[in-house]
Amino acid sequence: MRSWPSSRWMSSPGHTNPNPPGRPLTASLYVHVPFCVLKCAYCDFHSAPISDEPGMADHFAWAVGEGASHWAALGALDDVASIYIGGGTPTTLGPSLVSLVESVQRGARLVSDAEITVETNPDTTDPALAGRLIGSGVTRFSLGVQSFDDAVLRILGRCHTATSARRAVDALLDTGARVSVDLMCGIPGQTLDSWTASVEAALASGVGHVSVYPLTLEEGTPLAIAARVGEFDAPDDDLAADMMQAACELLGAGGLQRYEVASYARPGEESTHNSGYWTGRPYVGIGPSAASMLPAALFEAAIACEAWSDPGVAGVGKTLDSVPPGTSRVRFLRSADTTAFLRKPVGPPEEVEFLTPAQAAAEDAMLGLRLAEGITEELAERAGGTEILGTLEARGLVEHVAGRWRVTETGWLLGNEVFEAVWHAGTRRGLA
Amino acid sequence: MSQATHIRNFSIIAHIDHGKSTLADRVLELTHTVADRDMVEQVLDSMDIERERGITIKAQAVRVLYQADDGQTYQLNLIDTPGHVDFTYEVSRSLQACEGVLLVVDAAQGVEAQTVANAMMAMNAGLEIIPLINKIDLPAADPERVRHEIEEGLAIPADNAVLASGKTGEGVREALESVIALVPPPEGESDKPLKALIFDSYFDTYRGVVALVRVIDGRVSKGMKIRMMANNTVTDVEEVGVRRPANLPVESLEFGEVGYLITGLKDPALVKVGDTVTLAKHGATEPLPGYREVKPMVFTGLFPIDGDQYPDLRDALDRLQLNDPALIYEPESSHALGFGFRVGFLGLLHMEVVKERLEREFDLDLLATAPSVEYHVYTTAGEEVVVHSPQDMPEAGVIERVEEPYLRATVLVPPDYVGAVMELSESRRATFKDMQYLSATTVEMHYDIPLSELIMDFFDQLKSRTRGYASLDYEYIGYRTSKLVKLDILLAGKVVDALSFIVHRDKAYQRGRVLTEKLREIIPRQMFEVPIQAAIGGKVLARETVRAKRKDVLAKCYGGDITRKRKLLEKQKKGKKRMKNVGNVEVPQDAFMAILKVDE
Ligand SMILES: Nc1nc2c(ncn2[C@@H]2O[C@H](COP(=O)(O)OP(=O)(O)OP(=O)(O)O)[C@@H](O)[C@H]2O)c(=O)[nH]1
Ligand code: SF4
Ligand SMILES: [Mg+2]
Chain A
5 MRSWPSSRWM SSPGHTNPNP PGRPLTASLY VHVPFCVLKC AYCDFHSAPI
55 SDEPGMADHF AWAVGEGASH WAALGALDDV ASIYIGGGTP TTLGPSLVSL
105 VESVQRGARL VSDAEITVET NPDTTDPALA GRLIGSGVTR FSLGVQSFDD
155 AVLRILGRCH TATSARRAVD ALLDTGARVS VDLMCGIPGQ TLDSWTASVE
205 AALASGVGHV SVYPLTLEEG TPLAIAARVG EFDAPDDDLA ADMMQAACEL
255 LGAGGLQRYE VASYARPGEE STHNSGYWTG RPYVGIGPSA ASMLPAALFE
305 AAIACEAWSD PGVAGVGKTL DSVPPGTSRV RFLRSADTTA FLRKPVGPPE
355 EVEFLTPAQA AAEDAMLGLR LAEGITEELA ERAGGTEILG TLEARGLVEH
405 VAGRWRVTET GWLLGNEVFE AVWHAGTRRG LA
Chain B
74 MSQATHIRNF SIIAHIDHGK STLADRVLEL THTVADRDMV EQVLDSMDIE
124 RERGITIKAQ AVRVLYQADD GQTYQLNLID TPGHVDFTYE VSRSLQACEG
174 VLLVVDAAQG VEAQTVANAM MAMNAGLEII PLINKIDLPA ADPERVRHEI
224 EEGLAIPADN AVLASGKTGE GVREALESVI ALVPPPEGES DKPLKALIFD
274 SYFDTYRGVV ALVRVIDGRV SKGMKIRMMA NNTVTDVEEV GVRRPANLPV
324 ESLEFGEVGY LITGLKDPAL VKVGDTVTLA KHGATEPLPG YREVKPMVFT
374 GLFPIDGDQY PDLRDALDRL QLNDPALIYE PESSHALGFG FRVGFLGLLH
424 MEVVKERLER EFDLDLLATA PSVEYHVYTT AGEEVVVHSP QDMPEAGVIE
474 RVEEPYLRAT VLVPPDYVGA VMELSESRRA TFKDMQYLSA TTVEMHYDIP
524 LSELIMDFFD QLKSRTRGYA SLDYEYIGYR TSKLVKLDIL LAGKVVDALS
574 FIVHRDKAYQ RGRVLTEKLR EIIPRQMFEV PIQAAIGGKV LARETVRAKR
624 KDVLAKCYGG DITRKRKLLE KQKKGKKRMK NVGNVEVPQD AFMAILKVDE
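In order, the protein sequences belong to chains A and B.
Counted from 1, the first sequence has number 225 at position 221 by this note's numbering; the numbering is strictly sequential.
Counted from 1, the second sequence has number 194 at position 121 by this note's numbering; the numbering is strictly sequential.
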């Protein structure tokens with residue numbers, strides 16, 4: 005194995021700790037591993053087959069560690085509630101994934117019951133690797149199954165079968181970790197029966213967490229092209245709605261309660277990481293195309309780092325020298341270019357968005373409504389959303405119970421209507 | 074500067090797409106008017122919308138200096154005109170600034186409807202007509218046949234017709250030599266007081282109104298005090314210049330010359346196309362004849378999607394009218410759409426172009442209702458009511474009779490397609506008048522047809538049923554009584570005034586049915602079920618339903634990329650904003666035009 009000339013990469017001094025006053029910042033950490041065995045027919049996520057260049061997986065793990073040290077040095081990882089290694093398919097890294105998991109934890113201080121999730125797919129789930137991951141601190145696996153129907157899996161262009169999915173679930177549960185499976189409905193060619201059978205199979209497998217997503221045909225994907233040229237009918241919205249309702253009933257009866265628009269869990273198995281996104285918890289993203297969201301002060305500290313001002317690195321970061329006044333949080337995205345990330349794990353982002361307190365509140369309200377518990381009256385008010393929520397209540401999309409606003413059964417299916425209305429109401433006010 | 078003997082003013086006229094603008098390109102190249110690096114195809118078509126559609130909409134005047142075979146340099150003021158029937162008015166205005174025309178005829182297509190119409194106009198204006206058979210490089214070119222068509226069909230001698238190709242440049246020099254030999258130099262008198270015709274104008278954000286003029290007598294120069302004769306407004310000349318094709322300031326324009334002038338006037342209403350410019354003191358007493366007012370043929374409602382843009386729309390119309398004197402408008406209000414304008418156009422293309430220019434050049438988001446014509450309604454009380462908009466139609470009970478405008482349509486078509494034209498015309502309530510052979514290959518057919526039928530997709534149908542061979546020209550002939558009724562469209566139980574239309578009684582049921590079906594496809598699913606009904610005076614003829622929307626959820630949200638998700642939501646929101654909220658129903662713009670696409 006080739007080793008990487010570390011001296012070339014380690015030159016990122018000049019970190020200053022902004023030393024946030026009081027309690028350390030509670031944050032989540034997301035790592036994006038942009039590799040998959042093969043690209044699925046519907047996928048427009050950032051993923052590509054891993055190159056067989058020797059040492060690639062190690063190099064990637066090392067780069068992620070570099071990214072983590074950078075943020076740790078800035079104090080962003082002093083109180084980490086959850087880590088999520090997603091993708092792509094992180095398990096394509098093989099044994100290097102173990103060192104990745106270890107290295108991201110190195111500079112970080114984790115809360116006592118921190119959740120560490122690794123995303124995986126049936127075809128790359130290896131029991132031995134799973135065991136080693138548990139040894140390195142992983143507490144949870146999220147398995148992309150999508151369907152337990154081989155015909156449907158073929159349409160999706162997934163490279164596994166229902167049988168290998170079952171085997172993978174068993175292997176992961178055997179490690180003692182919590183396991184979640186992803187299922188997808190509204191797929192062309194999928195019947196209601198096929199769907200309920202998949203939901204039941206997921207329940208029967210004994211997992212404590214299921215995510216349910218309707219398929220969206222993303223432009224440019226082979227599946228969308230096939231639908232457009234008429235190879236099969238576009239997904240039927242009514243049928244997809246029936247499927248989502250059926251899932252809700254079946255999973256509920258099986259003891260998995262819906263706690264978020266797309267997530268069902270046995271009590272206690274809700275995903276900390278997932279909930280973090282909907283409750284405004286800051287997060288650090290590492291890897292190509294990874295998104296981060298941080299308080300303005302932390303972002304400002306990062307701008308000051310030498311690694312961010314390297315003129316050789318593309319990104320908007322180098323042209324930024326301060327955060328606009330009145331910014332409460334910053335969301336930013338690294339470039340999707342894997343080679344660039346490997347060459348320079350720490351560097352300026354490619355896209356940055358500065359959110360004012362009003363925008364941040366509107367976003368928190370919009371995202372909080374994804375949760376079954378909804379949002380408090382106080383947040384609704386702060387986000388300028390009380391009036392629109394009243395309107396949505398009259399239309400039967402949300403309800404106002406015990407001091408909270410939350411989405412109704414009908415509202416779940418029409419989530420976009422709700423989210424868009426709340427975001428719009430809040431930001432319009434923010435601009436005025 | 075130039076002696077009038079060395080000036081030639083001419084227009085290039087033709088049927089649409091026969092290659093006028095391309096020919097103008099070659100002239101600009103030959104005379105080194107436009108630098109090579111600035112040269113693009115149809116360089117005079119400078120508006121985005123002209124470039125995208127590949128057609129000329131505005132006539133463009135340009136001056137070139139041409140060194141002729143006799144060794145002398147001539148000043149040529151050429152005007153490239155549009156060929157589409159909707160813009161005939163541009164051609165007629167251009168002709169008044171000229172002494173001659175190059176009548177371009179496509180060597181493969183031959184004489185078509187606007188070839189005839191434009192040639193007639195030039196003849197009536199007493200201009201020298203030089204026929205030019207163009208595109209001779211085409212494999213299908215048949216110059217002999219076309220020469221014959223020009224002589225037989227137009228009674229224009231074509232023995233010496235120029236054979237040219239705008240593509241290869243062949244014949245372009247010959248064309249200019251013919252212009253110099255045949256088109257007379259402008260007549261006029263330098264000692265007389267200034268008299269100049271405003272034949273076009275446009276609004277420049279920095280300079281105000283820019284008037285394009287042809288000087289008839291005298292001269293105009295910078296700093297002069299001039300008077301607009303129509304409204305006696307006196308102003309200073311801030312700049313005079315020529316179009317090459319960009320504005321190039323010069324000291325003065327002498328009689329016979331074509332150019333532009335910029336005055337201190339910023340108010341579009343004060344600089345009227347067709348007006349005469351003279352000296353403030355001791356000026357001419359008699360204005361030039363000017364232009365006949367054009368009568369708009371079709372009317373539509375234009376409404377800002379965002380009601381706040383109403384005043385902006387008014388300003389934009391004022392300014393655009395300067396550049397497009399054929400445009401007329403008056404305020405209109407609709408229950409469904411709020412405040413807007415009822416705008417009169419020369420035809421459907423004119424309508425599309427105006428809407429697009431308003432949106433682009435003035436940054437507006439507009440919604441147009443289906444075009445209608447001007448109906449004359451006679452009530453039982455003996456009154457005459459002029460109806461431009463279906464919503465103004467009086468109650469059926471008080472109507473004694475309704476008259477609608479008729480056109481005399483001229484269709485030129487190869488003999489093989491005569492049957493197809495007959496069939497289409499019959500289905501559109503047209504009455505056949507006569508037909509004659511222009512040549513062995515072209516038949517000229519005449520019909521009387523209601524304008525309201527012509528604007529319903531007639532031209533597209535004509536083209537598709539004759540494989541593109543037919544060409545169409547028309548002129549207004551008067552009003553005739555018809556059995557017309559107003560058909561209402563109801564969305565969610567309420568009449569949407571902006572969707573109502575007037576239709577012949579015998580066709581009401583069928584159009585109502587097809588339109589409701591069409592609307593069901595166009596109107597997206599909403600939060601609730603939306604019934605769509607077509608009705609006459611409360612009697613429902615057809616009904617369809619848009620089912621309620623049940624599902625609208627985002628897919629998986631990966632790794633906190635909420636910005637992207639939000640952008641998707643915003644995009645969705647923007648899509649909705651392009652729709653008009655009509656009593657809680659989101660109605661896309663297409664819905665208001667659906668009636669035009671009702672194929673039978
Ligand atoms: N082969 C060939 N094509 C030509 C020639 N002249 C023009 N064309 C093509 O014919 C089409 C129409 O040309 P234009 O110059 O835009 O025609 P136009 O008469 O100005 O059209 P309007 O202004 O819209 O009436 C274009 O696609 C040209 O490329 C020619 O001499 N030979
Ligand atoms: S496994 Fe997931 S990330 Fe990888 S290609 Fe399939 S859908 Fe895309
Ligand atoms: Mg042209």
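Positions of the beta carbon are idealized from the N, C-alpha and C atoms, including for glycine.
**Report entry** B/V116 (DSSP reduced to helix, strand or coil)
**Finding:** The residue you call residue 116 of chain B lines up with position 43 of the second sequence. Coil.
**Report entry** C-alpha distance - B/Q115 paired with B/R136, whole-angstrom precision
**Finding:** Within the second sequence, numbered from 1, the residue matching residue 115 of chain B stands at position 42. Within the second sequence, numbered from 1, the residue matching residue 136 of chain B stands at position 63. Roughly 16 Å between the two C-alpha positions.
Query raised in the report: In whole angstroms, what is the alpha-carbon distance linking B/G380 and B/V426?
Result: For the purposes of this step, residue 380 of chain B is taken as the residue at position 307 of the second sequence. For the purposes of this step, residue 426 of chain B is taken as the residue at position 353 of the second sequence. Approximately 22 Å, taken between the alpha carbons.
Report task. Specify the secondary structure class of A/C40 as computed by DSSP and reduced to three states. Result -> Taking the first residue of the first sequence as position 1, residue 40 of chain A is located at position 36. The answer is strand: DSSP assigns A/C40 an E or B state.
Requested in this report: Compile a chain-ordered list of the residues in the region 365–394 of chain A whose CB is closer than 9 Å to at least one CB of chain B.
Outcome: So the close ones are E367, M370, L371, R374.
Query raised in the report: Is it the case that the CB of A/A450 approaches a heavy atom of ligand 1 more closely than 8 Å?
Result: A question about residue 450 of chain A goes unanswered here, because the residues of chain A that appear run from 5 up to 436.
Query raised in the report: Looking at the C-beta of A/G321, does it have a partner C-beta in chain B at a distance below 9 Å?
Result: Residue numbering aside, residue 321 of chain A sits at position 317 when the first sequence is read from its first letter. In this prediction, A/G321 scores a pLDDT of 49, lower than 50, which makes its location untrustworthy; the coordinate-derived value is nonetheless stated afterwards. For A/G321, the answer is no, since every Cβ of chain B falls outside 9 Å of its Cβ.
Query raised in the report: Just checking, does the region 86–99 of chain A make contact with the region 123–132 of chain A on the three C-beta pairs under 8 Å criterion?
Result: Short answer: they touch.
Query raised in the report: Does the beta-carbon of A/G59 have 16 or more other beta-carbons within 10 angstroms, so that it is buried, or is it exposed?
Result: Counted from its first residue, the first sequence places residue 59 of chain A at position 55. The C-beta of A/G59 has fewer than 16 other C-beta atoms within 10 Å across all chains shown, which makes the residue exposed.
Requested in this report: Could you pull out every unbroken beta strand (DSSP E) segment of at least 3 residues lying fully inside the region 185–230 of chain A, listed in chain order?
Outcome: Listed in chain order, they are 213–218.
**Report entry** Sequence-distant residues of the same chain with beta carbon closer than 7 Å to A/A169, five excluded per side
**Finding:** Mapped onto the first sequence, residue 169 of chain A falls at position 165. Correct list, in chain order: P126, V149, F152.
Query - Euclidean distance between Cα positions of B/G332 and B/P322 - result: Here the question's residue 332 of chain B lines up with position 259 in the second sequence. Here the question's residue 322 of chain B lines up with position 249 in the second sequence. Roughly 9 Å separates the two Cα atoms.
Query - Between the CA atoms of B/G296 and B/A353 - distance to the nearest angstrom - result: Stepping through the second sequence from its first residue, residue 353 of chain B is reached at position 280. Stepping through the second sequence from its first residue, residue 296 of chain B is reached at position 223. Cα to Cα, B/A353 sits roughly 12 Å from B/G296.
Query raised in the report: Taking C-beta to C-beta, are A/G71 and A/I379 nearer than 9 Å?
Result: The residue given as residue 71 of chain A occupies position 67 in the first sequence. The residue given as residue 379 of chain A occupies position 375 in the first sequence. No.
Report task. Look at the alpha carbon of B/E217 and the alpha carbon of B/E456, and state the distance between them as a whole number of angstroms. Result -> For the purposes of this step, residue 217 of chain B is identified with residue 144 of the second sequence, where counting begins at 1. For the purposes of this step, residue 456 of chain B is identified with residue 383 of the second sequence, where counting begins at 1. Taking the straight line from one Cα to the other gives about 58 Å.
Query raised in the report: If you draw a straight line from the alpha carbon of B/Q534 to that of B/F160, how long is it in whole angstroms?
Result: If you number the second sequence from 1, residue 534 of chain B lands on position 461. If you number the second sequence from 1, residue 160 of chain B lands on position 87. Spanning the two alpha carbons is a distance of roughly 21 Å.
Query - Cβ-Cβ distance between B/A399 and B/P360 below 9 Å - result: The residue given as residue 399 of chain B occupies position 326 in the second sequence. The residue given as residue 360 of chain B occupies position 287 in the second sequence. No, they are not a contact pair.
Query raised in the report: Which chain B residues sit within Cβ distance under 7 Å of A/N420?
Result: Residue mapping note: residue 420 of chain A aligns to position 416 of the first sequence, counting from 1. Those are D625, V626, L627, L642, Q645, listed as they occur along chain B.
Requested in this report: Return yes when the Cβ of B/V619 is within less than 9 Å of the Cβ of B/A543, no when it is not.
Outcome: Counted from its first residue, the second sequence places residue 543 of chain B at position 470. Counted from its first residue, the second sequence places residue 619 of chain B at position 546. In this structure, the beta-carbon distance from B/A543 to B/V619 does not fall below 9 Å.
Report task. Please list the partners that B/R639 has in chain A, where partner means a Cβ-to-Cβ separation under 7 Å. Result -> Along the second sequence, one-based indexing puts residue 639 of chain B at 566. Residues of chain A passing the Cβ test: W427.
Query raised in the report: So is B/R598 in contact with chain A if we call contact Cβ pairs under 9 Å?
Result: Here residue 598 of chain B corresponds to residue number 525 of the second sequence, with the count starting at 1. The beta carbon of B/R598 sits closer than 9 Å to some beta carbon of chain A.
Report task. Give me whichever residues DSSP pairs with A/Y88 in a beta bridge. Result -> Reading the first sequence from its first residue, position 84 is the one you call residue 88 of chain A. Paired residue(s): A/Y34, A/T121.
Report task. Using 8 Å as the cut-off, classify the Cβ of B/I128 as near or not near the heavy atoms of ligand 3, replying yes or no. Result -> Taking the second sequence and counting its residues from 1, the one referred to as residue 128 of chain B is at position 55. Flag set: Cβ of B/I128 near ligand 3.
Query raised in the report: Can we count A/R162 as close to ligand 2, meaning its CB is less than 8 Å from some heavy atom?
Result: By 1-based counting over the first sequence, the position of residue 162 of chain A is 158. A/R162 Cβ: within cutoff of ligand 2.
Report task. Rounded to whole angstroms, what's the CA-CA distance from B/L227 to B/K567? Just pull it up for me. Result -> Position 154 of the second sequence, counted from the start, is the residue given in the question as residue 227 of chain B. Position 494 of the second sequence, counted from the start, is the residue given in the question as residue 567 of chain B. B/L227 and B/K567: Cα-Cα distance of roughly 55 Å.
Requested in this report: Just list the beta strand (DSSP E) runs in the region 279–360 of chain B, keeping only unbroken ones of 3 residues or longer that don't cross its boundaries, in chain order.
Outcome: Segments of the beta strand (DSSP E) lying fully in the region 279–360 of chain B: 281–290, 292–294, 298–301, 306–316, 320–323, 325–327, 331–336, 349–352.
Query raised in the report: Where are the alpha helix (DSSP H) runs, 4 residues long or more, that stay fully inside the region 574–661 of chain B, in chain order?
Result: Runs of the alpha helix (DSSP H) spanning 4 or more residues and lying entirely within the region 574–661 of chain B occur at 581–595, 635–650, in chain order.
**Report entry** Straight-line Cα distance separating B/L176 from B/I335
**Finding:** Walking along the second sequence from the start, residue 335 of chain B turns up at place 262. Walking along the second sequence from the start, residue 176 of chain B turns up at place 103. One C-alpha to the other measures close to 32 Å.
Report task. Starting from B/L101, follow the alpha helix (DSSP H) in both directions and report where the run begins and ends. Result -> To locate residue 101 of chain B, count along the second sequence from 1; it is residue 28. Note, B/L101: alpha helix (DSSP H), 93–103.
Query raised in the report: Any heavy atom of ligand 1 closer than 8 Å to the Cβ of B/S119?
Result: Within the second sequence, numbered from 1, the residue matching residue 119 of chain B stands at position 46. No.
Query - DSSP three-state assignment for B/Y479, whether helix, strand or coil - result: Residue mapping note: residue 479 of chain B aligns to position 406 of the second sequence, counting from 1. Correct three-state label for B/Y479: strand.
Requested in this report: Using alpha carbons as the reference points, say which of A/W199, A/V402, A/R333, A/G190 lies closest to A/A376.
Outcome: In the first sequence, the residue the question calls residue 376 of chain A occupies position 372. Each of A/W199, A/V402, A/R333, A/G190 was checked against the Cα of A/A376, and the nearest Cα belongs to A/V402.
**Report entry** Residue(s) in a DSSP beta bridge with A/W409
**Finding:** Working through the first sequence from its first residue, we reach residue 409 of chain A at position 405. DSSP, once it has assigned bridges, lists A/I379, A/H404 as partnering A/W409.
Query raised in the report: Whose CA, out of B/E311, B/V100, B/M194, lies closest to the CA of B/V174?
Result: Indexing the second sequence from 1 puts residue 174 of chain B at position 101. In this structure, B/M194 is the residue among B/E311, B/V100, B/M194 with its C-alpha nearest to the C-alpha of B/V174.
Requested in this report: For B/G314, collect the residues of the same chain with a Cβ closer than 7 Å to its Cβ; drop the 5 residues on either side in sequence, then sort them by chain order.
Outcome: The residue you call residue 314 of chain B lines up with position 241 of the second sequence. Here the set comprises N320, L321, P322, V323, G332, Y333.
Query raised in the report: What does the shell around ligand 2 hold, if a residue joins when its beta-carbon is under 6 Å from any heavy atom?
Result: Look at which beta carbons fall closer than 6 Å to any heavy atom of ligand 2; those residues are A/C40, A/K43, A/C44, A/C47, A/F49, A/S51, A/G91, A/G92, A/T93, A/N125, A/G148.
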